[in-house]
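Numbering of the sequence shown is given in the working numbering, commencing with residue 581 and proceeding in unit increments.
Backbone N, C-alpha and C fix where the C-beta goes; we use that ideal spot for every residue, glycine too.
If you're wondering where the values come from, they're calculated on a predicted model, not measured in any experiment.
Following: one structure in structure tokens, then a few remarks.
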Amino acid sequence: MAMRRHIGNAVHESLPTPLYHQIYLILRGQISDGKLAAGAQVPGEEELARQFNVSRITARRALAELAAEGLVTRGRGRGTHVTHRNEPPPVRGAVEGLIENLMAMGLKTQVELIDFGYEAAAPDVSAALQVDAGAEVQRAVRVRSLEAGPFSYLTTYVPAEIGRKFGRKELAREPLLALLERSGVVIGAADQTISATLADTHVAPLLKTAVGTPLLRISRVVHDGNGRPVEYIIGLYRPDRYQFRMSLDRVRGGERNTWSASVAPTTGGSKSSPRSTNREKK
């Protein structure tokens, strides 16, 4: 397997990802981690070509991707420099608990309603909401943004009898959880799964990122006080603007010791936020 190394990083010719995009990802990671700070000069085409053992054309395409994303500026005779951007402070909910944190985020971020309507529940939706296959559900697609730009692409499904109690205008300006509670739903618990996916040709432009960029994928089913599913949401998040911080507590048992986790979402790249549990009942 052919491999080209660069100070702890490597680009692989055997991978389906083009070499220029691999170099772009390495440089973007260094910018995100602060190894290349705002205002720092990024290695030029010739130096990158030598370090990664690639052509100057390949190095040039990697730098062009960074520039297209607004991470660097390029100038003839001046080189390539990391763009200085004043990021707004991260959104923090001054409350405890999963549901409350999401409410706080919804109240402090901007939302754009991309799509809204009613449709027959697909098999995964009917299973999540525990309704018959083909049952009518409300579907809404929204993009949430901070001052720095969009950070989440949210697709929500609600049983039609609940969804009919509010409409497009309300969803465009208020958090869905607030609308559910205003409709008489008593939120009781939520189950969620965190995984990863890649930005496709539809989602990438809306999140203002490149096609193929890794995204956090969070699927969540919200239940009312009786255990009935009232919302199914699939959220795709830019990991540079939204993170989950996990705090682990050591629990000592009779036969074995285990870790107990509590998870807190943070935005804006910050790593400090209030703690919240993975599952909380009221």
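In angstroms with no decimal places, state the Cα-to-Cα distance between Thr660 and Pro785.
Linking Thr660 to Pro785 through their CA atoms gives a straight-line distance of about 24 Å.
Option nearest Gln710 by Cα separation, candidates Ala769, Arg836, Pro809 and Leu816
In terms of CA proximity to Gln710, Pro809 leads the group Ala769, Arg836, Pro809 and Leu816.
For Arg555: DSSP bridge partner residues
No information on residue 555 is available, as it lies outside the stretch 581 to 862 that the chain covers here.
In three-state DSSP terms, what is Pro623?
Coil at Pro623, not helix or strand.
Rounded C-beta distance between Tyr733 and Val723? I'm assuming under 8 Å.
Yes, Tyr733 and Val723 are in contact; Cβ-Cβ is about 6 Å, under 8 Å.
Could you tell me whether the stretch 827-835 touches the stretch 762-779, where touching means 3 or more Cβ pairs closer than 8 Å?
Taking a cut-off of 8 Å on C-beta distances, the stretch 827-835 does not touch the stretch 762-779, as fewer than three cross pairs fall below it.
Are the CB atoms of Tyr600 and Arg636 within a distance shorter than 8 Å?
Taking 8 Å as the Cβ cut-off, Arg636 and Tyr600 do not qualify as a contacting pair.
Going straight from the alpha carbon of Asp780 to that of Ala758, what length do you get?
C-alpha separation (whole angstroms): 30 Å.
Three-state secondary structure (DSSP) of Gly677:
Low confidence applies here, because Gly677 scores a pLDDT of 43, under 50, leaving its location unreliable and the question unanswered by this model.
3 or more residues per run - each beta strand (DSSP E) lying fully within the stretch 756-843:
You should have 767-778, 794-804, 809-817 and 822-832.
Assign Leu651 to buried or exposed, taking buried as 16 or more other Cβ atoms, counted over all protein chains shown, within 10 Å of its Cβ.
So Leu651 counts as buried.
Taking 8 Å as the threshold (C-beta atoms), are Val765 and Ile742 in contact?
Yes.
Which whole-angstrom value is the C-beta distance of Gly768 and Gly815, which I expect to be below 8 Å?
Gly768 to Gly815, Cβ: 20 Å. No contact.
Can you list, in chain order, the residues of its chain with a C-beta nearer than 7 Å to that of Arg608? Leave out the 5 residues immediately preceding and following it.
If the five residues before and after Arg608 are omitted, its C-beta is found closer than 7 Å to the C-beta atoms of Leu646 and Leu651, all from its own chain and listed in chain order.
Measure the beta-carbon distance from Tyr812 to Ala702 and round it to whole angstroms, keeping in mind my assumption that it falls under 8 Å.
No, Tyr812 and Ala702 are not in contact; Cβ-Cβ is about 11 Å, not under 8 Å.
Inter-residue Cα distance where the pair is Gly657 and Ile606:
Taking the straight line joining both Cα atoms gives about 24 Å.
For Tyr817, I'd like the list of residues in its chain whose CB is within less than 7 Å of its CB, leaving aside the five on either flank, ordered along the chain.
Listed in chain order, the non-local C-beta contacts of Tyr817 below 7 Å within the same chain comprise Phe731, Ser732, Leu795, Leu796 and Ile798, local neighbours out to five positions each way being set aside.
For Val721, tell me which candidate among Thr838, Glu761 and His782 has the shortest Cα-Cα distance.
That would be His782, whose Cα lies nearest to the Cα of Val721.
Have a look at Gly655 and Thr689 and give me their C-alpha separation to the nearest angstrom.
Going from the Cα of Gly655 to the Cα of Thr689 covers about 35 Å.
Using only CA atoms, which one of Leu628, Val791 and Gly697 lies nearest to Ala639?
Taking only the C-alpha atoms, the option nearest Ala639 is Leu628.
Can the beta-carbon of Gln863 be found closer than 8 Å to that of Pro623?
With the chain covering 581 to 862 only, the question about residue 863 has no answer from this structure.
Quick one: grab the DSSP three-state call for Arg719.
DSSP places Arg719 in strand when its eight states are reduced to three.
Using the beta-carbon count (16 or more within 10 Å), is Thr597 buried or exposed?
Here Thr597 is exposed: its Cβ has fewer than 16 other Cβ atoms, across all protein chains shown, within 10 Å.
Considering only their Cβ atoms, is the gap separating Leu760 from Phe696 smaller than 8 Å?
It is not a contact, given that the beta carbons lie outside the stated cut-off.
Following a CB-centred definition, is Gly743 positioned closer than 7 Å to any heavy atom of the ligand ATP?
Questions concerning the ligand ATP fall outside what the structure shown contains, since it holds no ligand whatsoever.
Using DSSP bridges, identify the partner residues of Gly697.
The partner list for Gly697 (beta bridge, DSSP) reads Arg719.
Rounded C-alpha distance that separates Met704 from Glu692:
What sits at residue 704 in the sequence shown is Asp, not Met. When rounded, the distance between both Cα atoms is 25 Å.
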